[in-house]
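Residue numbers (the working numbering): 527 to 654.
Quick reminder that beta carbons are idealized off the backbone N, C-alpha and C, glycines included.
Below, the structure is given as structure tokens:
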């Protein structure tokens, strides 16, 4: 039997936008496909590739514009850092369009978010 324990850090407030395919090549993994639940980090978060592969749980907390006053779906999404977002401000991340769509209406374009770093720990339970 395998069990999973998730460690979650404190939430950080920020904003998210989204980007569209192709998602490769990426700054972290070159032409290696890491799926579509991915994030491009601002320079501070990216920290010279130190964030590559790090997992974050992201949730929409509200709108940044009057055009879409209630963009949030009420869900969260788990994403992996795969790239640098050179145009992102210090509190901004760029989600794949698929990840953004899980947590918000894409028509919003930019949303307020909270994101938390987390690690899944897998371990085996045996009778030995």
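Taking only the alpha-carbon atoms, compute the straight-line gap between residue i and residue j and give it to the nearest angstrom.
i, j, result
"residue 629", "residue 642", "15 Å"
"residue 624", "residue 596", "19 Å"
"residue 622", "residue 563", "6 Å"
"residue 561", "residue 546", "13 Å"
"residue 593", "residue 583", "26 Å"
"residue 598", "residue 644", "22 Å"
"residue 579", "residue 544", "18 Å"
"residue 565", "residue 591", "22 Å"
"residue 540", "residue 573", "17 Å"
"residue 610", "residue 587", "23 Å"
Excluding the 5 residues preceding and the 5 following residue i in the sequence, name in chain order all residues of the same chain whose CB lies nearer than 8 Å to its CB.
i, result
"residue 557", "550, 551"
Would you say residue i lies against chain D (beta-carbon separation less than 8 Å)?
i, result
"residue 578", "The displayed structure is made up of one protein chain only, and chain D is not part of it."
For residue i, report the span of its beta strand (DSSP E) as first-last.
i, result
"residue 608", "602-610"
Output needed for residue i: all residues of its chain with C-beta closer than 6 Å, excluding positions within five of it in sequence on either side, in chain order.
i, result
"residue 537", "640, 642"
Using a Cβ-Cβ cutoff of less than 7 Å, which residues in the same chain neighbour residue i once the five nearest sequence positions on both sides are dropped?
i, result
"residue 615", "568"
Practice task
Report yes or no: do three or more beta-carbon pairs, one from the segment 631-639 and one from the segment 558-570, lie closer than 8 Å?
Solution key: no
Problem - Length at least 3, wholly inside the segment 553-582: the beta strand (DSSP E) runs in chain order - result: 564-567
Exercise for the section: Jot down the residue ranges of each uninterrupted beta strand (DSSP E) in the segment 617-651, minimum 3 residues, whole runs only, in chain order. Expected result: 618-622, 637-650
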